[in-house]
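Residue numbers (my numbering): 155 to 393.
Where a beta carbon is used, it is the ideal one built from N, C-alpha and C, also for glycine.
No experiment lies behind these values; they were computed from the predicted model shown.
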Amino acid sequence: MLFGLIGKSLKHSYSKRLFDEHFHGLYSYTLFELDEIYLIGQLLKEYPTIRGLNVTIPYKSEIISYLHHIDQMALQIGAVNTILVENGYLKGFNTDVIGFEQAYRSILCNNQSLALVLGTGGASKAVAYVLNKYHIPFRFVSRTKKTTDAFLYHELDNLLLNVSLIINTTPVGMYPLIDDTVPISFNVFSSKPTVIDLIYNPEKTMLLKLAEEAGCTIYNGMMMLKQQAIESWKIWGIY
Numbered sequence: 155m156l157f158g159l160i161g162k163s164l165k166h167s168y169s170k171r172l173f174d175e176h177f178h179g180l181y182s183y184t185l186f187e188l189d190e191i192y193l194i195g196q197l198l199k200e201y202p203t204i205r206g207l208n209v210t211i212p213y214k215s216e217i218i219s220y221l222h223h224i225d226q227m228a229l230q231i232g233a234v235n236t237i238l239v240e241n242g243y244l245k246g247f248n249t250d251v252i253g254f255e256q257a258y259r260s261i262l263c264n265n266q267s268l269a270l271v272l273g274t275g276g277a278s279k280a281v282a283y284v285l286n287k288y289h290i291p292f293r294f295v296s297r298t299k300k301t302t303d304a305f306l307y308h309e310l311d312n313l314l315l316n317v318s319l320i321i322n323t324t325p326v327g328m329y330p331l332i333d334d335t336v337p338i339s340f341n342v343f344s345s346k347p348t349v350i351d352l353i354y355n356p357e358k359t360m361l362l363k364l365a366e367e368a369g370c371t372i373y374n375g376m377m378m379l380k381q382q383a384i385e386s387w388k389i390w391g392i393y
């Protein structure tokens, strides 16, 4: 059986290393870079032994139209990061939700004021699902206003917000562009929020460095990566 990860650029990914360290060669895991999501059909023809796939940026939402079945929670979220392949039949799931919740449960239980979710992609949808579950009010922040209640980054400059939690769900600052960071106003660090960056490579992004310098408690995405991977393995029946 073959397993793998699909995405557009996978140079940053630790998924194969994590998989190989856990299964010690019992199964194979490959990184499949796809320039366009429609190439998923060609990939499955070329590798007929594929049993499961993880999905990463930028295809977590785009992959949905190529699936034969989607789990109810993933459908509600609007993003899929795990696929089970059975005789050419593709079933989609979202393990980011469980991964995020399991990794940061203690933080979520202690944060009841405003959270800022940076980005509006597939990962942000899973984060929003969990924040709603814990009744934590939040606002999306992005470069373009996707919803009427979202903030633009530059709007944060003049807002006095009692922010308790900031979660970066964007790829900005990911290896190899480790000096990049989201254009967030550093006024939001004045309330000393907990800052979570779902990026895990590098271990400490520029955003986390700046937050730490401002006296914030910081976490990267490695815990989430491990937790969501375990949930994927359970779906594939190999854990």
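{"Item": "Going by CA-CA distance only, name the one from Ala233, Leu185 and Met155 that's closest to Lys165.", "Value": "Leu185"}
{"Item": "What does DSSP give as the partner residues of Thr236 in its beta bridges?", "Value": "Asn208 and Phe247"}
{"Item": "Count the other CB atoms, across all protein chains shown, that sit within 10 Å of the CB of Thr302; report buried if there are 16 or more and exposed otherwise.", "Value": "exposed"}
{"Item": "Applying the criterion that 16 or more other CB atoms from any shown protein chain within 10 Å of the CB defines a buried residue, is Glu175 buried or exposed?", "Value": "exposed"}
{"Item": "Just to confirm before moving on: does the CB-CB distance between Leu310 and Ser345 stay below 8 Å?", "Value": "no"}
{"Item": "For the segment 234-243 against the segment 349-369, do three or more pairs of beta-carbon atoms, one drawn from each stretch, fall closer than 8 Å, so that the two count as touching?", "Value": "no"}
{"Item": "Mind checking Asn312: buried by the 16 CB within 10 Å criterion, or exposed?", "Value": "exposed"}
{"Item": "Can you name the start and end residues of the beta strand (DSSP E) that Asn322 belongs to?", "Value": "Val317 to Asn322"}
{"Item": "Taking just the CA atoms, how far does Gly275 sit from Ser167?", "Value": "18 Å"}
{"Item": "From the DSSP output, which residues share a beta bridge with Asp351?", "Value": "Asn322"}
{"Item": "Does Gly276 come out as helix, strand or coil in the three-state DSSP assignment?", "Value": "helix"}
{"Item": "Which residues bound the alpha helix (DSSP H) around Ile384?", "Value": "Met376 to Trp390"}
{"Item": "Exposed or buried, what is Gln196 when buried is set at 16 or more other beta-carbons lying within 10 Å of its beta-carbon?", "Value": "exposed"}
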